[in-house]
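Below is one structure, written out as structure tokens; comments come after it.
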Amino acid sequence: MTQAAAQIRWTIHDLEVLPQSEGTRYEIIDGELFVTRSPHRRHQQAAGRVFAALDTWSAETGLGEAIPAPGIVVSDADSVIPDVAWVSTERLAMIEDDAGHLTDFPELVVEVLSPGPSNIRRDREAKLKLYSIRGVQEYWICDRFTRQVEVYRRQAAQLVLSATLFGQDALTSPLLPGFSCRVEHLFGR
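Its first residue numbered 5, the sequence shown is counted upward by one per residue in the numbering used here.
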């Protein structure tokens with residue numbers, strides 16, 4: 005990488021001039037641009053199952069909302085689109101703008117891993133760091149290849165790995181009283 009390339013910092017305003025296509029997703033984390041294509045259908049199915057489980061629980065309890073692929077724009081240098089988010093009713097009223105974007109992070113963020121070192125680095129390192137710095141209470145990383153879920157929970161001022169769950173394990177959360185979903189359900193057959 006050249007010295008000039010290392011100094012480029014992307015902002016949300018730069019996204020306005022990039023080519024827009026339905027299958028391309030742009031995210032900026034600490035000024036670094038990440039470009040991804042539309043994920044594999046199994047990725048989408050896993051994200052859909054996570055959303056469905058959270059949405060069903062939310063409808064039953066009325067405590068918040070599950071949101072698929074929300075746009076979260078928190079600064080000029082940080083704009084992400086996680087696979088799924090869950091936000092309490094109270095917090096949603098504080099962080100949703102008129103365009104339906106979130107201007108701060110919800111309590112729970114979920115990412116489904118896509119293959120490739122840059123995708124994995126983005127979710128396991130860059131996004132984990134961003135979510136930790138920005139006050140996310142819980143972060144789930146769903147790995148459809150190993151069929152596991154890593155649960156990161158806030159301890160003091162950062163997100164730390166709290167559990168790695170497999171097949172028959174129940175995914176629960178102190179944020180979601182009474183919520184329970186077997187990990188194998190998220191990944192289908």
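Glycine residues also receive a C-beta, built at the ideal position from the N, C-alpha and C atoms.
Three-state secondary structure (DSSP) at residue i?
i, result
"Ser184", "coil"
"Ile85", "coil"
"Thr40", "strand"
"Glu20", "coil"
"Met5", "Unreliable placement is indicated for Met5, whose pLDDT of 45 sits below 50; the coordinate value is still reported in the next sentence. Note: Met5 maps to coil in three-state DSSP."
"Trp61", "helix"
"Leu190", "helix"
"Thr93", "helix"
"Ile124", "helix"
Whose C-alpha, out of the options, is nearest the C-alpha of residue i?
i, options, result
"Gly192", "Ala50, Gln159, Gly104, Gly68", "Ala50"
"Trp14", "Val77, Ala63, Glu64, Ala81", "Ala81"
"Gln141", "Leu165, Pro121, Thr40, Arg148", "Leu165"
"Ile99", "Pro86, Ile76, Phe170, Pro121", "Ile76"
"Tyr135", "Val116, Ser122, Tyr156", "Tyr156"
State the beta-bridge partners of residue i as determined by DSSP.
i, result
"Tyr143", "Val113, Tyr156"
"Pro72", "Val88"
"Leu175", "Cys185"
"Ser79", "Asp82"
"Leu106", "Ile76, Glu100"
Give the C-beta separation of residue i and residue j to the nearest angstrom, bearing in mind that I take them to be a contact with Cβ-Cβ under 8 Å.
i, j, result
"Val84", "Phe55", "With a Cβ gap of about 17 Å, Val84 and Phe55 do not count as contacting."
What are the start and end residues of each continuous alpha helix (DSSP H) run of 4 or more residues lying completely inside the segment 145-169, in chain order? Whole alpha helix (DSSP H) segments, 4+ residues: zero.
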